[in-house]
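S.K.: Take a look at this one; I'll ask things after.
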Amino acid sequence: GLGVNTNPLYHSSALLDARGALLGLQPVTLDRIKVQEQSPLPDILAGCMLVSPAASGRLSEILAARRPVTFAELAAACVAEGLPLAGARSTKQCITMDYPWEILGASFLGIRLTFDRPEPIRQFAPTAKVHPDAILKNTVIVGEGAIVESGAVLDDVILDAGCHIREHSYLMRTILGPGCRIGPTGYTHHTVLGPRCSVGFPGECPVAVGFGRNGFGHHCHAGMGVYGERAVLNAGAIVTANRGNPVKTKIQGRLMDTGWFNIGAFLGDGVRLNAQATVMPGRIIGARSVIGPGVIVYHDVPPDTLLVLKQELQETKIEPR
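Residue numbers for the sequence shown follow this note's numbering, beginning at 4 and rising by one.
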């Protein structure tokens, strides 16, 4: 499962005014839990969730603690336990979060609500450094200490404090948490990443949700997936997203149709895909599991599992010519 994330997608105080204007933050109540929603998706999530009474494991611990909790924690904990979040309709536009792929649906809708505006917003913190040769389109908000290098293209983008966007990167409809780094020629679109994530050269991170401290190495492709905290894709690792027909995923032993033709994988906290590992669409990789170099993952992987290839080598003497 996706393990509980205690450091959810969050934007620094430098962007609160702009974010509030965009999204209108509201505290909500989920079961007996008081929530101050601080993810980039509050308008579609505020007041739309009710915790299942069958809660167990980490989810039951959250309920018992009666402490403030965010959507990111609840969603991750429910995925970890294989339990749904049931929709409780509110006066706001909302989306039910019954299954892990709906995190991506929420992200899509949240991004649309954030950036579909009659007039774009341009806001740069006093200590932000945006190169004059950077190309800015539509809404662009840059937080304290963030750096945007020459030739980078930002099209509907929010950068939190300390982000660093290297030269000739292309970011479209992307929200990055504090301290994120995008390498030279890196590419993201319709993506939301939490604190201290990195996308290497020339990595691709299209249509992804990362809960924080994710590493997407050079030449990797993190396609249409949900990535738990500290989940890492090493060089050349691939999460595939296209099967040509609706992708199916197994939830609590039952094979379910996601309704998505293009959807990647769901990686738990601390998962590591080593060099050139490939995960097929709709697969769930349990928390802390490690996928060895060159492995192709066709089935779900339980938590705390090491999956490696058993290689047979043949050594032949080369006759001198």
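Note that CB positions come from ideal geometry on N, CA and C, so glycine has one too. The structure displayed is predicted, hence computed values, not measured ones.
What does DSSP give as the partner residues of THR191 in its beta bridges?
M.R.: In the DSSP output, where bridge partners are listed per residue, THR191 has LEU174 and CYS208.
S.K.: Would a C-beta distance cut-off of 8 angstroms place ALA244 and ASN265 closer than the cut-off?
M.R.: Against a cut-off of 8 angstroms, the Cβ pair of ASN265 and ALA244 comes out as a contact.
S.K.: When the Cβ atoms of the segment 223-239 are set against those of the segment 118-133, are three or more pairs found closer than 8 angstroms?
M.R.: Short answer: they don't touch.
S.K.: Using 8 angstroms for Cβ pairs, my map puts ARG176 next to ILE114. What's the rounded Cβ distance?
M.R.: About 5 angstroms; that satisfies the 8 angstroms criterion.
S.K.: To the nearest whole angstrom, what separates the beta carbons of ARG291 and VAL304, a pair I think is in contact under 8 angstroms?
M.R.: That pair is no contact at about 11 angstroms.
S.K.: Using a 10 Å radius around the Cβ and a threshold of 16 neighbouring Cβ atoms, would you call GLU318 buried or exposed?
M.R.: The residue is exposed, with fewer than 16 neighbouring Cβ atoms inside 10 Å.
S.K.: Does the Cβ of ASP260 have 16 or more other Cβ atoms within 10 Å, making it buried, or fewer, making it exposed?
M.R.: ASP260 should be labelled exposed.
S.K.: Any idea what DSSP makes of PHE219, helix, strand or coil?
M.R.: The answer is strand: DSSP assigns PHE219 an E or B state.
S.K.: On the three-state DSSP scale, how would you describe LEU107?
M.R.: LEU107 falls in the helix class under three-state DSSP.
S.K.: Could you check whether GLY220 and GLY206 sit closer than 8 angstroms to each other, using their CB atoms as the reference points?
M.R.: Yes. Within cutoff.
S.K.: Name the residue from VAL293, GLY271, VAL300 and ASP272 whose alpha carbon lies nearest to the alpha carbon of VAL282.
M.R.: For VAL282, the nearest C-alpha among the options comes from VAL300.
S.K.: If distances are taken between C-alpha atoms only, which option among GLU122, VAL210, ALA164 and GLU315 comes closest to PRO129?
M.R.: Closest option to PRO129, Cα to Cα, is ALA164.
S.K.: Output the boundary residues of the beta strand (DSSP E) element that contains GLN126.
M.R.: Unbroken beta strand (DSSP E) run through GLN126: 125-127.
S.K.: Is it buried or exposed for HIS193, if we count other Cβ within 10 angstroms and need 16 for buried?
M.R.: Burial call: buried.
S.K.: Per DSSP, what are the beta-bridge partners of SER201 in this structure?
M.R.: Answer is ARG184 and GLY218, bridged to SER201.
S.K.: At the level of alpha carbons, what is the spacing between ILE144 and ARG184?
M.R.: Roughly 16 angstroms between the two C-alpha positions.
S.K.: Just to confirm my understanding: we take PHE269, look at its own chain, exclude 5 residues before and 5 after, and list those with CB closer than 6 angstroms. What are they?
M.R.: Result list for PHE269: PRO103, VAL229 and ILE287, in chain order.
S.K.: Name the two residues that bound the continuous beta strand (DSSP E) containing ARG257.
M.R.: First-last of the beta strand (DSSP E) with ARG257: 257-260.
S.K.: Which first and last residues belong to the beta strand (DSSP E) in which ASP159 is found?
M.R.: Run containing ASP159: 156-162, per the beta strand (DSSP E) assignment.
S.K.: For CYS200, which residues in the same chain have their Cβ closer than 6 angstroms to its Cβ, ignoring the five residues on either side in sequence?
M.R.: Correct list, in chain order: CYS183, GLY213 and ASN217.
S.K.: With H, G and I counted as helix, E and B as strand and the rest as coil, what does DSSP make of ASP34?
M.R.: Here ASP34 scores only 30 on pLDDT, less than 50, and its place in the model is too uncertain to base an answer on.
S.K.: Using three-state DSSP, classify ILE114 as helix, strand or coil.
M.R.: If DSSP states are grouped into helix, strand and coil, ILE114 belongs with the helices.
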